[in-house]
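Per this note's numbering, the very first residue in the sequence shown carries number 275; after that it's consecutive. Glycine included, C-beta positions come from ideal geometry on N, C-alpha and C.
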Amino acid sequence: MSLYARTAATLTVAASFIGLVGLAPQASASEPANAKHCAVVVERVKPQEKVSRVKSRTCSEAGTQAVSVSGRTLLVTWYEHAEYGGASTDIYGDYGPCDAAGYVLTADWWWRKSISSFITYNSCDGQQAVLNNGGAVYYYGFGTPYVGAQANDNIGWFKVWDSI
């Protein structure tokens, strides 16, 4: 086989391999294998900051507790599918229930393309969902079984507060 033929064959095999690697699914730090439920603990927004700092983020298999929630207040649960189905993440506040200032919750890269429904708790009856393109949608009450076509799988961050 000539040098030209060997080089062409080697390049063809390499290009095929690179193409297959590019098609492989990306690993996700926020969605570990077999993890269906996560828990995130956040602080209140501090002066000069725009979002609540994440203190911890853990995941576990469906049906098991992902994090110790002692002394923390459940604020919101995000769901992957409408009607509160699929993977979920509970978000806890380290400083009590929602008040007028509330909490500002950033969605990690997986949730930015996955939130379809949510439930809020502990006086978090006002919600602002800011879409990935910068638009905003407001919700009120505690249960939202479907975020609507505009916001479905398109929420970058949430603000939750006591609106009453």
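{"Asked": "Rounded Cβ spacing between Ser326 and Glu317 (contact assumed at less than 8 Å)", "Found": "6 Å"}
{"Asked": "Which residues DSSP lists as bridging Leu348, in chain order", "Found": "Tyr366"}
{"Asked": "Beta-bridge partners of Lys433, as assigned by DSSP", "Found": "Val378 and Gln402"}
{"Asked": "Burial state of Lys329 (16 or more Cβ within 10 Å)", "Found": "exposed"}
{"Asked": "Distance, Phe416 Cα to Trp435 Cα", "Found": "11 Å"}
{"Asked": "Neighbour-count burial assignment, Thr418, 16 or more Cβ in a 10 Å radius", "Found": "buried"}
{"Asked": "Whole-angstrom distance between Phe392 and Val350, CA atom to CA atom", "Found": "7 Å"}
{"Asked": "Boundaries (first-last residue) of the beta strand (DSSP E) holding Ile393", "Found": "Ser391 to Thr394"}
{"Asked": "Spatially closest choice to Ile365 from Tyr377, Tyr420, Ser437 and Asn428, by CA coordinates", "Found": "Tyr377"}
{"Asked": "Those residues which DSSP pairs with Arg327 across a bridge", "Found": "DSSP lists no partner for Arg327."}
{"Asked": "Start-to-end residues for the beta strand (DSSP E) that takes in Tyr413", "Found": "Ala410 to Tyr414"}
{"Asked": "Selected residue, minimal CA-CA separation from Ala375, among His311, Ile438 and Val411", "Found": "Ile438"}
{"Asked": "Same chain only: Cβ atoms within 7 Å of Gly359, ignoring 5 sequence neighbours per side", "Found": "Tyr353"}
{"Asked": "Own chain residues within Cβ distance below 6 Å of Val411, not counting five before or after", "Found": "Ala403 and Ala425"}
{"Asked": "For Ala425, the three-state DSSP class (helix, strand or coil)", "Found": "coil"}
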